[in-house]
Structures are given as structure tokens and as C-alpha cells.
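Residue numbers (this note's numbering): 68 to 271. Note that the Cβ used here is the ideal one computed from N, Cα and C, for glycine as well. Predicted model only: the values in this text are computed from it and were never measured.
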Amino acid sequence: MSELEQEGVPEDTRTEIMEATFRAVSEHGYADLRMRDIGEEMEKTRQIIHYHYDGKYELLANFLEYIIEQYEGSVEVDRDVPPCEELDIRIRQCLFGPGFEEFDHWERMKVYHELFTHAQNDDRHREIFDEHHRRLRESITNVVAAGIEQGDFRETDPERTAQLITDVIHAARERKLSLGHDDAPEQARQAIDEFVIDSLIVDE
Numbered sequence: 068m069s070e071l072e073q074e075g076v077p078e079d080t081r082t083e084i085m086e087a088t089f090r091a092v093s094e095h096g097y098a099d100l101r102m103r104d105i106g107e108e109m110e111k112t113r114q115i116i117h118y119h120y121d122g123k124y125e126l127l128a129n130f131l132e133y134i135i136e137q138y139e140g141s142v143e144v145d146r147d148v149p150p151c152e153e154l155d156i157r158i159r160q161c162l163f164g165p166g167f168e169e170f171d172h173w174e175r176m177k178v179y180h181e182l183f184t185h186a187q188n189d190d191r192h193r194e195i196f197d198e199h200h201r202r203l204r205e206s207i208t209n210v211v212a213a214g215i216e217q218g219d220f221r222e223t224d225p226e227r228t229a230q231l232i233t234d235v236i237h238a239a240r241e242r243k244l245s246l247g248h249d250d251a252p253e254q255a256r257q258a259i260d261e262f263v264i265d266s267l268i269v270d271e
């Protein structure tokens with residue numbers, strides 16, 4: 068449960084504020100964003116933002132948590148899926164993302180990475196991103212470890228393997244967003260398949 072839900076903020080109100088923040092950040096960027104800009108993207112009065120948030124800093128910290136919740140909550144893997152297939156599902160989800168009604172995966176990733184670039188100067192944002200990366204890395208570590216235990220994957224270091232995969236994913240997303248290399252995610256997927264997953268699979 069999110070901090071906002073724990074504080075009793077209605078889910079529809081939270082969603083409206085967060086989606087308005089998406090639109091405002093997309094239009095104005097992080098550095099020049101004002102609370103007024105977010106309020107202008109809402110149908111409800113912007114005073115509701117000030118009722119729930121003390122300021123821009125608190126709002127954007129919760130907004131970042133909202134973005135991460137969307138991605139972590141969108142990964143659905145059947146319990147009986149073999150480790151190799153589950154690993155592929157998780158990698159594809161990170162690279163190509165789920166579908167959204169408003170703003171596609173890459174529009175949302177653009178906002179995500181803009182906030183990421185400011186994390187070096189923001190302890191709270193850095194803490195949120197670090198925890199997200201830890202959970203992502205841990206989810207892949209667990210899949211690799213399960214594959215080893217079941218005899219599907221060869222013996223290797225699950226944590227280092229997961230770190231490599233997450234680093235490749237992050238670099239590919241940044242290359243697409245910052246440099247306009249639209250083929251970067253697919254190239255990363257192919258490289259992970261060829262140089263990581265193929266080397267993990269035990270030959271029958």
C-alpha cells in the first residue's frame with residue numbers, strides 16, 4: 068500500500084493528481100515545473116493538491132513512487148512458468164513496458180529518466196530509485212536462482228547475472244531516450260538473449 072493510501076487519500080484523487088503531474092512534467096520538464104502547472108492539468112480545483120501535499124518536493128517524491136508502482140505492479144507471471152520464460156517476460160516488460168490509456172511506455176519512461184537524472188542531487192529520489200533497482204535486481208536474481216535449483220540453468224552467480232541484465236536494460240532505455248536510438252531496446256533484448264540467457268541454459 069502506498070503512503071498516500073495509508074494517509075487516506077482517495078485512489079481516484081491520487082490518480083488524477085499523478086496523471087496531471089505526468090502531463091505537466093512532460094510539457095514543462097522537471098526543473099521548471101511549478102505546482103500551478105500541475106493544477107492547470109486537472110479538472111478539479113488545484114487547491115486539492117495543496118491539501119494533500121506540502122509542496123513540489125513531496126509531490127514529486129510521491130509521483131516517482133507512483134510511476135514505479137505502475138511498472139512493478141504490471142508484471143504478471145504465471146506461477147508454473149519455467150524460469151527461462153519468466154526471465155524473458157521480465158526483461159521484455161522492462162524494455163518495452165506495459166500499455167497505458169494515456170501516455171505510452173516511452174512517454175512515461177522519458178519522465179522517469181528525467182527524474183532519475185536529478186536523483187544525484189536529491190537524497191529522497193535517490194533512495195526511491197535505489198530501492199526500486201534493488202527490487203528489480205532481486206526479482207531477476209530469484210528467477211536465475213530458481214533456474215539453477217531446477218537444473219534449467221548452469222551454475223553461476225545469480226546476483227551478478229541480475230546486475231548485468233538490469234544494467235543493460237537501463238543503458239538501452241537511456242540510449243533511446245537521450246540519443247534517439249530507437250532500436251536500442253530491441254538490440255539489448257537480442258544481446259541479453261545471445262550472451263546471457265543462451266549461456267545460462269543447460270544443454271539437454
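(1) Provide the residue span of the alpha helix (DSSP H) that contains LYS177, from first to last.
(2) Can HIS200 and THR233 be called in contact, C-beta distance under 8 Å?
(3) Can you give me the start and stop residues for the alpha helix (DSSP H) that LYS243 sits inside?
(4) Sort ASP197, PRO149, TYR138 and ILE195 by Cα distance to PHE163 and report the nearest one.
(5) So CYS161 and ILE236 are in contact, right, with Cβ under 8 Å, and what is the actual spacing, rounded?
(6) Going along the chain, which residues of its own chain have a beta-carbon closer than 8 Å to the beta-carbon of SER93, five neighbours each way excluded?
(7) Looking only at its chain, what residues have a beta carbon closer than 6 Å to the beta carbon of HIS172, apart from the 5 residues adjacent to it on each side?
(8) Pairing CB atoms from the segment 119-133 with CB atoms from the segment 81-88, are three or more of them under 8 Å?
(9) Given that a residue counts as buried once 16 or more other Cβ atoms are within 10 Å of its Cβ, and exposed if not, what is VAL210?
(10) Look at PHE220 and ILE268 and say whether their C-beta atoms are less than 8 Å apart.
(11) Flag this pair as yes or no: are the beta carbons of ALA91 and ASP99 separated by less than 8 Å?
(12) How would you call GLY214, buried or exposed, if buried means at least 16 neighbouring beta carbons within 10 angstroms?
(13) For SER220, which three-state DSSP category applies?
(14) Mind checking ARG204: buried by the 16 CB within 10 Å criterion, or exposed?
(15) Mind checking which residues open and close the alpha helix (DSSP H) that includes LEU100?
(16) I'd like the list of long-range same chain contacts for ARG202, defined as Cβ closer than 7 Å, with 5 residues on each side in sequence excluded.
(17) Please check the pair PRO252 and ALA239, which I expect to be a contact at CB under 8 Å, by giving their CB distance rounded to whole angstroms.
(18) Are ILE207 and ARG157 touching if we call contact CB-CB under 8 Å?
(19) What are the boundary residues of the alpha helix (DSSP H) that includes PHE89?
(20) Which residues does DSSP pair with ILE22 in a beta bridge?
The short version:
(1) 172-184
(2) yes
(3) It spans 225-246 - the alpha helix (DSSP H) in which LYS243 sits, taken as one unbroken run.
(4) TYR138
(5) 5 Å
(6) Here SER93 has PHE170, GLU174, LYS177 and VAL178 as same chain residues with Cβ atoms under 8 Å from its own Cβ, once five neighbours each way along the sequence are excluded.
(7) Counting only Cβ-Cβ distances below 6 Å, and skipping sequence neighbours, we find GLY164.
(8) Contact check between the segment 119-133 and the segment 81-88: three or more CB pairs, one atom from each, fall below 8 Å, which counts as touching.
(9) Its Cβ being crowded by 16 or more others within 10 Å, VAL210 is buried.
(10) yes
(11) no
(12) buried
(13) The sequence given here has Phe at residue 220, not Ser. If DSSP states are grouped into helix, strand and coil, PHE220 belongs with the strands.
(14) buried
(15) No alpha helix (DSSP H) contains LEU100, which DSSP labels as neither H nor E.
(16) GLU139.
(17) 5 Å
(18) It is a contact, given that the beta carbons lie within the stated cut-off.
(19) 78-95
(20) Given that the chain is displayed from residue 68 to residue 271, the structure contains no residue 22 and the question cannot be resolved.
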